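> My structure is below; once you've seen it, I'll send some questions.
Protein chains: 2
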Amino acid sequence: MTDKVRNETDPLRGNLDLMVLSVLTEERLYGYLIQRRLTEASSGLVNVQAGTLYPILHRLEADKLIRSRWDAGTGRRRKWYELTASGRKQLSQRAHQWQQYADCLREMLAPVFKAAPKTMPDATDC
Amino acid sequence: MTDKVRNETDPLRGNLDLMVLSVLTEERLYGYLIQRRLTEASSGLVNVQAGTLYPILHRLEADKLIRSRWDAGTGRRRKWYELTASGRKQLSQRAHQWQQYADCLREMLAPVFKAAPKTMPDATDC
DNA sequence: ACCTATATATAGACTTGCTATATATAGGGT
DNA sequence: ACCCTATATATAGCAAGTCTATATATAGGT
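Heads up: the protein sequence lines correspond to chains C and R, in order.
Each residue of the first sequence is one higher than the one before, counting from 38 in our numbering.
Each residue of the second sequence is one higher than the one before, counting from 38 in our numbering.
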């Protein structure tokens, strides 16, 4: 029974933008650092690969939600990103929208949680 | 400034399967009813079109997470769906996994919520 | 000199969801 | 009898988001 089941790791589909924007709320960061911040901030749950992250950054920049500047010639070339005013607004809007959906889904799934407490009752890590 | 922003309505990306499975936890339902249950259960937030739903049902059935039976010739032809044992297990697993991600994302977004209380402090609908 | 970590980038495939379209029947109003 | 709407399922074609694999280049340690 080698199940071959689709996409075990995808609850973040559509939310990566949100996460990237969120780690930029308080600091300017460059790609490689963003990647690691995401891993840290999620206790390893979110592990975005470079090939996933950079296209997102390019897309967010094309949409003018973030803005970039190359490092001023100090050896390592790094592209620093920061939120634009528009990006900050979008982040807030989408965050609230996500919360609404999350509350909704949580409610819809309530019977499932009630039915099966799963391995541990309180493994609230993250 | 006609922003042309991508995908305003996509926090459910990757979670539709979960929702469909969840409405089937306690009853057998056919497609059209599932569609309406989703709308009701989400207070109109989730409004899946037929062209979105049926492919999902076919996929879930191909994965043997649900099972179908045509209505026994009572005028309207309806295809009734129910969870399989495997589907029930998957639902539980994915639900818990989703919760973990949701808790995580909620924590990451906490500063955003703190910064901007948004229009209303308590519009907890759904 | 070599290896690893750092740093960015793109191509190609795959999954998911959307819109549009097609088909068919039951039931109500005229 | 006829039309219209709600019911009911289905598929094709497109767009978007993510993944894997690959490429390039440099800093620093051994």
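A virtual CB, placed ideally from N, CA and C, is assigned to each residue, including glycine.
Here the structure is a predicted model, which is why all the values come from computation and not from measurement.
Is the stretch 56-65 of chain R in contact with the stretch 53-62 of chain C, if contact means three or more CB pairs nearer than 8 Å?
Because the criterion of three Cβ pairs below 8 Å is not met, the stretch 56-65 of chain R and the stretch 53-62 of chain C do not touch.
> Under the assumption that residue 98 (chain C) contacts residue 65 (chain C) (Cβ atoms under 8 Å), give the Cβ distance between them as a whole number of angstroms.
Not quite, the Cβ-Cβ distance comes to about 13 Å (not below 8 Å), so this is no contact.
> Is residue 61 (chain C) closer than 8 Å to residue 103 (chain C) when the C-beta atoms are compared?
yes
> Going by the C-beta, is residue 81 (chain C) closer than 7 Å to any heavy atom of the ligand NAP?
You won't find the ligand NAP in this model; it holds no ligand whatsoever.
> Could you pull the start and end residues of the alpha helix (DSSP H) that residue 90 (chain C) belongs to?
In the DSSP assignment, residue 90 (chain C) falls within the alpha helix (DSSP H) that extends over 87-99.
> Identify the contact partners of residue 148 (chain C) in chain R, using a Cβ-Cβ distance below 8 Å as the criterion.
59, 62, 63
> Give me whichever residues DSSP pairs with residue 66 (chain C) in a beta bridge.
C:118
> Going along chain C in order, which residues have a C-beta closer than 7 Å to the C-beta of residue 132 (chain R)?
146, 149, 150
> Only counting the same chain, and skipping five residues up and downstream in sequence, which positions put a Cβ closer than 7 Å to that of residue 148 (chain R)?
none
> Return yes when the Cβ of residue 75 (chain R) is within less than 8 Å of the Cβ of residue 138 (chain C), no when it is not.
no
> Got a sec? Which residues, its chain only, sit under 6 Å from residue 107 (chain C) by beta carbon, not counting five neighbours each side?
116
> Quick check on residue 80 (chain R): buried or exposed, where buried means 16 or more other Cβ atoms within 10 Å of its Cβ?
exposed
> Per DSSP, what kind of secondary structure is residue 104 (chain C) in: helix, strand or coil?
If DSSP states are grouped into helix, strand and coil, residue 104 (chain C) belongs with the strands.
> For the candidate residues C:109, C:84, C:101, whose alpha-carbon lies nearest to that of residue 122 (chain C)?
C:101
> Helix, strand or coil for residue 80 (chain R)? Go by DSSP, reduced to three states.
Here DSSP, grouped into helix, strand and coil, assigns residue 80 (chain R) to coil.
> Look up residue 51 (chain R) in the DSSP assignment and say whether it is helix, strand or coil.
coil
> Please check if any C-beta of chain C sits within less than 8 Å of the C-beta of residue 129 (chain R).
Residue 129 (chain R) counts as touching chain C.
> For residue 72 (chain C), which residues in the same chain have their Cβ closer than 7 Å to its Cβ, ignoring the five residues on either side in sequence?
85, 87, 90
> Tell me which same chain residues have a C-beta within less than 8 Å of the C-beta of residue 49 (chain C), skipping the five on either side of it?
56, 83
> Give the secondary structure of residue 75 (chain R) by DSSP, where H, G and I count as helix, E and B as strand, and everything else as coil.
helix
> Any idea if residue 41 (chain C) is buried or exposed, counting beta-carbon neighbours within 10 angstroms, 16 or more meaning buried?
Below a pLDDT of 50, predicted positions are generally treated as unreliable, and residue 41 (chain C), at 34, falls in that range; the measurement from the model is reported next regardless. Label assigned to residue 41 (chain C): exposed.
> Could you tell me whether any Cβ in chain R is nearer than 8 Å to the Cβ of residue 114 (chain C)?
no
> Would you mind sorting residue 95 (chain C) into buried or exposed? The rule is 16 or more other CB atoms within 10 Å of its CB.
exposed
> Between which residues of its own chain and residue 134 (chain R) is the CB-CB distance below 6 Å, once the five residues before and five after are set aside?
none
> Reducing DSSP to helix, strand and coil, say where residue 147 (chain R) ends up.
helix
> Since residue 146 (chain R) and residue 132 (chain C) are thought to touch, with beta carbons under 8 Å apart, how far apart are those beta carbons, to the nearest angstrom?
5 Å
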